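Peer 1: Numbered according to UniProt numbering, the sequence shown terminates at residue 165, and the numbering increases by one at each position without gaps. Just so it is clear, CB atoms sit at the ideal spot from N, CA and C, and this is done for glycine as well. Computed from a prediction, not measured in an experiment: that's the story for all the values here.
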Amino acid sequence: ASFSGGNNQNSATLTAHKKLCSGSDTAKGKVGKGIGISTTWFGKYKARRTAKAKKVYTKIKSGLTKTAVTYYNNGPDCEPNEYAYVWSNIKDTVYLCNLYYNIQTSCSKTKESKEGTLLHEWSHSFAGTKDIEYGRTDCKNLAKKKPSKAVKNADSYAYHYCDAQ
Numbered sequence: 001a002s003f004s005g006g007n008n009q010n011s012a013t014l015t016a017h018k019k020l021c022s023g024s025d026t027a028k029g030k031v032g033k034g035i036g037i038s039t040t041w042f043g044k045y046k047a048r049r050t051a052k053a054k055k056v057y058t059k060i061k062s063g064l065t066k067t068a069v070t071y072y073n074n075g076p077d078c079e080p081n082e083y084a085y086v087w088s089n090i091k092d093t094v095y096l097c098n099l100y101y102n103i104q105t106s107c108s109k110t111k112e113s114k115e116g117t118l119l120h121e122w123s124h125s126f127a128g129t130k131d132i133e134y135g136r137t138d139c140k141n142l143a144k145k146k147p148s149k150a151v152k153n154a155d156s157y158a159y160h161y162c163d164a165q
């Protein structure tokens, strides 16, 4: 990974980044029938949904392995309520925002983290996920009420990923 926009916690971002490849494999292994966190974030077991979620993790790992990625500090289009963002036409860069610098590096089962944020953003770039719901509560409700949407939701992957570590 490389950095643009100077040094703003680059070592912490690099630490979080390095965890994503093995972490994606770990999370992929915790998707499926009879796995509590899979039901929590992606809804009641269904073979097609499980296959979709596993494919998202495969695409994230593949993208991170095959792409020279850049982390752009203090992204020029940051909004006050954003941790980070990506552009759909620029697949190799995550733009980091102010909120990102105020959260812990490694995954948490209760708090936001750099690791979870990066997983969320790369799921957009490499696997085409969307922003349907944000936050643990709304994502859990999405899995219960609209699981077909949960499996397409970036934050659902961030929370599932972190819970799987």
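Would residue 168 be called buried (16 or more neighbouring beta carbons within 10 Å of its own) or exposed?
Peer 2: No statement about residue 168 is possible, as the shown extent of the chain runs from 1 to 165 and does not include it.
Peer 1: Quick one: using the 10 Å Cβ neighbour count with 16 as the cut-off for buried, is Trp122 buried or exposed?
Peer 2: Here residue 122 is taken as the residue at index 122 of the sequence shown, counted from 1. Buried, since its Cβ has 16 or more Cβ neighbours within 10 Å.
Peer 1: DSSP has Phe3 in a bridge; who is on the other side?
Peer 2: As a first step, residue 3 is located in the sequence shown; it is residue number 3 there, counting from the start. The partner list for Phe3 (beta bridge, DSSP) reads Tyr71.
Peer 1: Which runs of the beta strand (DSSP E) fall wholly inside the UniProt domain "Lysine-specific metallo-endopeptidase" (24–162) and span at least 3 residues, in chain order?
Peer 2: Runs found: 70–72, 84–87, 90–96.
Peer 1: Within its chain, find whatever has a CB closer than 6 Å to the CB of Gly63; leave out the 5 residues flanking it on each side and keep chain order.
Peer 2: Counted from its first residue, the sequence shown places residue 63 at position 63. Contacts found: Phe126.
Peer 1: Which same chain residues, not among the five before or five after Lys28, have their C-beta less than 6 Å away from its C-beta?
Peer 2: The count along the sequence shown starts at 1 and reaches residue 28 at position 28. Lys54, Tyr57.
Peer 1: Give the straight-line distance between the Cα atoms of Val31 and Ser4, rounded to the nearest whole angstrom.
Peer 2: Position 31 of the sequence shown holds residue 31. Position 4 of the sequence shown holds residue 4. Roughly 35 Å separates the two Cα atoms.
Peer 1: CA-CA distance, Lys59 and Thr93?
Peer 2: Sequence index remark: in the sequence shown, residue 59 carries index 59 (1-based). Sequence index remark: in the sequence shown, residue 93 carries index 93 (1-based). Straight-line Cα distance between these residues: approximately 16 Å.
Peer 1: Given a cut-off of 8 Å on the beta-carbon distance, is the pair Gly23 and Tyr161 in contact?
Peer 2: In the sequence shown, residue 23 corresponds to position 23, counting from 1. In the sequence shown, residue 161 corresponds to position 161, counting from 1. Yes, Cβ-Cβ distance for Gly23 and Tyr161 is below 8 Å.
Peer 1: Can you tell me the Cα-Cα spacing of Asn73 and Thr105, whole angstroms?
Peer 2: Against the sequence shown, residue 73 aligns to sequence position 73. Against the sequence shown, residue 105 aligns to sequence position 105. The straight-line gap from Cα to Cα measures roughly 15 Å.
Peer 1: Comparing alpha-carbon positions, which option in Tyr157, Lys149, Ala1, Asp138 lies nearest Thr67?
Peer 2: Along the sequence shown, one-based indexing puts residue 67 at 67. Ranking Tyr157, Lys149, Ala1, Asp138 by Cα distance to Thr67 puts Ala1 first.
Peer 1: Here's the rule: buried if 16 or more other CB atoms are within 10 angstroms of the residue's CB, otherwise exposed. What is Asp77?
Peer 2: Position 77 of the sequence shown holds residue 77. Exposed: under 16 other Cβ atoms inside 10 Å.
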